[in-house]
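Before any comments, here is the structure.
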Amino acid sequence: MTDVRVEPGELRSASGKIKKAVDKGDDAKLDEIANGADFGHGDAAKAFSELMATWNVAVTKTLKDDAESAADKLNDNAASYERSERQSQNHFTGPAAGVPGPIY
């Protein structure tokens, strides 16, 4: 891996897309599907209702939290790359424009 290039803007864009997609999960009404299902047998209806309740938690809580965490990490990495780039440039030019860097 000698030619790795990272564009912080691309990381931020991906983060935004993840968060936008995750927000759509709030519209998932899996528990309502279970309540409206007509099975004709009480045990089947109960099992399906429990399944949909579990999936509802997975989609609206667990997966959402994981995706939001990943999006936040992308933003953090973008900031880290930018900070490293500034520090690298400052090493050679000094923190103020036109000021020479350290003398060794």
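Residues in the sequence shown are numbered from 1 upward in steps of one, following full-length UniProt numbering.
Think of the CB as a built atom: it goes at the ideal place given N, C-alpha and C, for glycine as much as any other residue.
Please determine, among Ser84, Ala14, Phe48, the residue with the shortest C-alpha to C-alpha distance to Leu30.
The count along the sequence shown starts at 1 and reaches residue 30 at position 30. Per the Cα distances, Phe48.
Going along the chain, which residues of its own chain have a beta-carbon closer than 8 Å to the beta-carbon of Ile33, five neighbours each way excluded?
Working through the sequence shown from its first residue, we reach residue 33 at position 33. For Ile33, where only same-chain residues beyond five positions count, the Cβ hits under 8 Å are Met52.
Mind pulling the alpha helix (DSSP H) runs of 4 or more residues that sit fully within the stretch 63 to 95?
63 to 93
Determine the DSSP secondary structure at Phe39, reduced to helix, strand or coil.
Working through the sequence shown from its first residue, we reach residue 39 at position 39. The answer is coil: DSSP assigns Phe39 none of H, G, I, E or B.
Could you spell out the range, first to last residue, of the alpha helix (DSSP H) harbouring Ala14?
What you label residue 14 is simply residue 14 of the sequence shown in a count that begins at 1. Element bounds for Ala14: 8 to 24.
Compute the beta-carbon to beta-carbon distance between Ala78 and Pro8, rounded to the nearest angstrom, for a pair I have assumed lies under 8 Å.
For this step, residue 78 is matched to residue 78 along the sequence shown. For this step, residue 8 is matched to residue 8 along the sequence shown. About 4 Å; that satisfies the 8 Å criterion.
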